[in-house]
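Chemist: Residue numbers (the working numbering): 45 to 645.
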């Protein structure tokens with residue numbers, strides 16, 4: 045039987061992010077640090093902390109050979125893998141600043157970030173990624189070295205472009221880490237940029253360490269835990285909670301091959317911990333709901349009864365409900381339904397964390413009711429990112445939890461949530477004006493989120509800038525409505541419009557698989573674009589939207605909808621790298637369509 049004993053490294057002992065790594069190597073040299081899938085052999089391969097430390101030393105020596113000085117910027121453009129960690133730890137140990145980039149971002153955005161940060165060196169995933177970026181990156185004057193990983197020889201053109209393996213082989217001398225303090229700049233992380241150019245958030249070693257410690261405090265992490273890493277490490281939620289929190293606690297991180305292979309990887313890896321954005325949980329939810337439609341009446345009844353009783357059991361454990369005789373059914377329902385559901389997630393998950401956006405209530409209720417504790421966290425890139433989180437023994441899924449140690453929160457004007465604490469950024473890179481707009485003279489960061497605080501828990505109520513005001517003065521939270529609509533598997537994406545109008549309308553991107561069956565039920569041809577605007581389609585779609593919005597006020601009703609088949613993506617400029625819809629860009633692209641939605645009925 046596994047004995048769960050903590051071995052957490054305190055912030056004061058680590059001092060810096062690379063100091064945390066070295067201390068973990070000292071404490072757990074032969075423990076498994078990372079596991080990844082090797083395509084060549086077709087097996088999962090483990091790397092110990094000692095193995096990783098040896099590779100970090102090689103990369104550190106090679107970086108010294110570039111003549112880089114403390115504070116200079118080096119950039120990384122890799123998918124999640126142990127090489128990400130190795131490169132970053134080598135750079136941080138020399139006092140360099142790491143600029144992390146999204147592998148699926150648009151080339152022009154990537155070039156802007158490299159130029160804005162004046163990065164001296166770039167590590168690129170592979171030759172395919174390089175060919176995608178070559179035309180916009182080659183002209184950058186500050187970039188002295190470009191390293192191509194994963195066998196980049198076929199893409200090399202000489203000069204500053206070099207295969208990472210060749211670059212490393214030319215290194216022999218051992219180089220010791222350079223001394224630097226916890227307040228030194230560690231990262232520049234560019235915000236998603238839903239409006240305008242992204243801003244470079246400057247985070248110190250201490251900023252990130254305190255956030256990672258907050259993650260361990262919230263999530264109760266042990267060396268025996270196995271984290272499944274699927275969010276990009278560039279995302280600060282994954283970086284602090286899925287990279288540094290496990291390092292602080294001595295847990296193992298396993299890199300998921302891809303989102304499409306998530307179901308397979310869950311069974312192969314059998315993680316105990318999973319950190320995701322809500323969209324991952326929503327996709328599982330909608331898939332399960334679709335499967336339930338095909339089940340017998342008895343099968344559906346058993347499934348939803350299990351959720352109801354499992355939820356009641358959870359509420360009793362949290363001290364918010366009393367015992368009822370129905371709880372006696374749980375052992376039977378757990379064996380017949382819940383255990384099978386959990387087995388499809390690997391069978392060992394202790395908890396899952398959701399962050400980056402609000403987790404819809406029905407989604408949380410299904411997972412928790414079936415036995416998986418989901419806890420929500422909240423924060424911003426500008427707060428490293430963690431501001432608050434729900435602890436396992438104090439979990440209110442309607443909230444985003446309680447502030448982590450050291451973090452202060454209060455409610456400001458317009459109900460805006462303000463925060464300050466050790467995780468607060470150093471400021472925006474090369475943008476003092478934006479820094480002063482974000483952080484007031486008293487050190488409070490203005491989150492832009494509206495909230496209320498009750499029983500120490502933070503409850504988000506909306507976004508100051510995202511509120512739509514109808515012509516009758518009623519205020520509508522579009523994001524909440526969009527999240528509710530996309531819980532219907534027919535709708536892949538949604539955007540509510542209606543600022544200054546008499547009613548609300550929606551742009552709805554259809555799920556192609558669901559649309560085919562839906563159109564056929566209406567006796568329409570799914571391949572004929574005219575079917576999208578057919579009155580039968582409009583009537584049926586609006587009925588489904590209304591069902592999803594039944595818990596919203598009466599004035600929050602969608603009266604018209606435009607159906608789209610082309611999704612909003614990063615490539616077409618409609619999504620940020622963190623999958624947030626660029627509302628302004630979507631509305632500009634579909635301006636004619638939106639105007640038509642508000643013509644007189």
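Even glycine gets a Cβ: it sits at the ideal position worked out from N, Cα and C.
Which of the three DSSP states is assigned to residue 231 in this structure?
Modeler: Residue mapping note: residue 231 aligns to position 187 of the chain shown, counting from 1. If DSSP states are grouped into helix, strand and coil, residue 231 belongs with the strands.
Chemist: Could you check where the beta strand (DSSP E) with residue 455 kicks off and where it finishes?
Modeler: As a first step, residue 455 must be located in the chain shown, where it is residue number 411. Unbroken beta strand (DSSP E) run through residue 455: 452 to 455.
Chemist: For residue 289 and residue 413, what's the separation of their Cα atoms in angstroms?
Modeler: What you label residue 289 is simply residue 245 of the chain shown in a count that begins at 1. What you label residue 413 is simply residue 369 of the chain shown in a count that begins at 1. Their Cα atoms are separated by approximately 27 Å.
Chemist: Entirely within the stretch 362 to 447 and at least 4 residues each: give me those alpha helix (DSSP H) ranges in chain order.
Modeler: If we require 4 residues or more, the alpha helix (DSSP H) runs fully inside the stretch 362 to 447 come out as 374 to 377, 383 to 387 and 405 to 413.
Chemist: Is residue 224 helix, strand or coil when you go by DSSP?
Modeler: As a first step, residue 224 is located in the chain shown; it is residue number 180 there, counting from the start. Note: residue 224 maps to coil in three-state DSSP.
Chemist: Could you tell me which whole beta strand (DSSP E) segments of length 3 or greater appear in the stretch 132 to 169?
Modeler: Those beta strand (DSSP E) runs which fall completely within the stretch 132 to 169 and span 3+ residues are 141 to 144 and 165 to 168.
Chemist: Given a cut-off of 9 Å on the beta-carbon distance, is the pair residue 642 and residue 547 in contact?
Modeler: Looking up residue 642 in the chain shown gives position 598. Looking up residue 547 in the chain shown gives position 503. In this structure, residue 547 lies closer than 9 Å to residue 642 by Cβ.
Chemist: Who are the Cβ neighbours of residue 179 in its own chain at under 6 Å, not counting the five residues just before and after it?
Modeler: Numbered from its first residue, the chain shown carries residue 179 at position 135. Cβ neighbours of residue 179 beyond the five flanking positions: none.
Chemist: Pull up the distance between the alpha-carbon of residue 163 and that of residue 263, whole angstroms please.
Modeler: Position 119 of the chain shown, counted from the start, is the residue given in the question as residue 163. Position 219 of the chain shown, counted from the start, is the residue given in the question as residue 263. Taking the straight line from one Cα to the other gives about 35 Å.
Chemist: Along the chain, which unbroken stretches of the alpha helix (DSSP H) at least 4 residues long are found entirely within the stretch 46 to 127?
Modeler: You should have 55 to 58, 61 to 71 and 93 to 108.
Chemist: Between which two residues does the alpha helix (DSSP H) harbouring residue 526 extend?
Modeler: Sequence index remark: in the chain shown, residue 526 carries index 482 (1-based). First-last of the alpha helix (DSSP H) with residue 526: 522 to 529.
Chemist: If the criterion is Cβ atoms closer than 9 Å, does the pair residue 417 and residue 402 meet it?
Modeler: By 1-based counting over the chain shown, the position of residue 417 is 373. By 1-based counting over the chain shown, the position of residue 402 is 358. No, they are not a contact pair.
Chemist: Taking contact to mean 3 or more Cβ pairs, one atom from each stretch, closer than 8 Å, check whether the stretch 446 to 457 and the stretch 207 to 227 are in contact.
Modeler: No: the two stretches stay apart, fewer than three of their Cβ pairs being nearer than 8 Å.
Chemist: So which of 631, 271, 306 and 329 has the shortest CA-CA distance to residue 316?
Modeler: In the chain shown, residue 316 corresponds to position 272, counting from 1. Taking only the C-alpha atoms, the option nearest residue 316 is 271.
Chemist: What is the C-beta distance between residue 255 and residue 430, in whole angstroms, given that I count them as a contact (C-beta under 8 Å)?
Modeler: The sequence position of residue 255 within the chain shown is 211, counting from 1. The sequence position of residue 430 within the chain shown is 386, counting from 1. Contact flag correct, Cβ pair sits at about 4 Å.
Chemist: Less than 9 Å between the C-beta atoms of residue 534 and residue 551, yes or no?
Modeler: To locate residue 534, count along the chain shown from 1; it is residue 490. To locate residue 551, count along the chain shown from 1; it is residue 507. Going by C-beta atoms, residue 534 is not nearer than 9 Å to residue 551.
Chemist: Between which two residues does the alpha helix (DSSP H) carrying residue 636 extend?
Modeler: Residue mapping note: residue 636 aligns to position 592 of the chain shown, counting from 1. Counting along the chain, the alpha helix (DSSP H) containing residue 636 begins and ends at 635 to 641.
Chemist: Expressed to the nearest angstrom, what Euclidean distance is found between the alpha-carbon atoms of residue 219 and residue 104?
Modeler: Taking the chain shown and counting its residues from 1, one reaches residue 219 at position 175. Taking the chain shown and counting its residues from 1, one reaches residue 104 at position 60. Computed Cα separation, rounded: 7 Å.
Chemist: Just the Cα atoms here: how many angstroms apart are residue 211 and residue 108?
Modeler: Taking the chain shown and counting its residues from 1, one reaches residue 211 at position 167. Taking the chain shown and counting its residues from 1, one reaches residue 108 at position 64. Between residue 211 and residue 108, the C-alpha separation is close to 12 Å.
Chemist: Check whether the stretch 571 to 584 touches the stretch 516 to 526, counting contact only when three or more Cβ pairs, one atom from each stretch, lie closer than 8 Å.
Modeler: Taking 8 Å as the limit for Cβ pairs, the verdict is that the stretch 516 to 526 does not touch the stretch 571 to 584.
Chemist: Extract the residue ranges of the alpha helix (DSSP H) inside the stretch 304 to 368, only unbroken runs of 4 or more that lie entirely within it.
Modeler: Those alpha helix (DSSP H) runs which fall completely within the stretch 304 to 368 and span 4+ residues are 306 to 313, 322 to 336 and 341 to 361.
Chemist: Tell me the start and end of each unbroken beta strand (DSSP E) in the stretch 563 to 593 that is at least 3 residues and wholly inside, in chain order.
Modeler: Those beta strand (DSSP E) runs which fall completely within the stretch 563 to 593 and span 3+ residues do not exist here.
Chemist: Does residue 471 come out as helix, strand or coil in the three-state DSSP assignment?
Modeler: Translated into positions along the chain shown, residue 471 becomes position 427. The answer is strand: DSSP assigns residue 471 an E or B state.
Chemist: State yes or no: is the C-beta of residue 177 within less than 9 Å of the C-beta of residue 151?
Modeler: Within the chain shown, the letter at position 133 stands for residue 177. Within the chain shown, the letter at position 107 stands for residue 151. The answer is yes: Cβ separation under 9 Å.
Chemist: Starting from the Cα of residue 66, find the closest Cα among 144, 260, 233 and 294 and give me that residue.
Modeler: In the chain shown, counting from the first residue as 1, residue 66 sits at position 22. Checked all of 144, 260, 233 and 294; the closest Cα to residue 66 is 294.
Chemist: Given that a residue counts as buried once 16 or more other Cβ atoms are within 10 Å of its Cβ, and exposed if not, what is residue 513?
Modeler: On the chain shown, position 469 is the one that residue 513 refers to. Classification for residue 513: exposed.
Chemist: How is the beta strand (DSSP E) around residue 603 delimited, first residue to last?
Modeler: Position 559 of the chain shown holds residue 603. Run containing residue 603: 602 to 608, per the beta strand (DSSP E) assignment.
Chemist: I'd like to know whether the C-beta atoms of residue 657 and residue 344 end up nearer to each other than 9 Å.
Modeler: The shown model of the chain, from 45 to 645, leaves out residue 657, and the question about it has no answer.
Chemist: Nearest to residue 93 by alpha carbon, out of 560, 291 and 495?
Modeler: Position 49 of the chain shown, counted from the first residue, corresponds to residue 93. Comparing Cα-Cα distances from residue 93 to each of 560, 291 and 495, the minimum goes to 291.
Chemist: With a CB to CB cut of under 7 Å and the five nearest residues on each side skipped, what residues in its chain are close to residue 261?
Modeler: Within the chain shown, numbered from 1, the residue matching residue 261 stands at position 217. Cβ neighbours of residue 261 beyond the five flanking positions: 448 and 449.
Chemist: What's the C-alpha gap between residue 56 and residue 138?
Modeler: Indexing the chain shown from 1 puts residue 56 at position 12. Indexing the chain shown from 1 puts residue 138 at position 94. Taking the straight line joining both Cα atoms gives about 20 Å.
Chemist: Under the three-state reduction of DSSP, which class applies to residue 210: helix, strand or coil?
Modeler: Position 166 of the chain shown, counted from the start, is the residue given in the question as residue 210. Helix, per DSSP.
Chemist: What span of residues does the alpha helix (DSSP H) with residue 293 cover, start to end?
Modeler: The sequence position of residue 293 within the chain shown is 249, counting from 1. Per DSSP, residue 293 belongs to the alpha helix (DSSP H) from 289 to 293.
Chemist: So what does DSSP say about residue 536, is it helix, strand or coil?
Modeler: Sequence index remark: in the chain shown, residue 536 carries index 492 (1-based). If DSSP states are grouped into helix, strand and coil, residue 536 belongs with the strands.
Chemist: Among the residues of its own chain, which have a CB less than 6 Å from the CB of residue 283, if the five just before and after it don't count?
Modeler: Translated into positions along the chain shown, residue 283 becomes position 239. Result list for residue 283: 277, in chain order.
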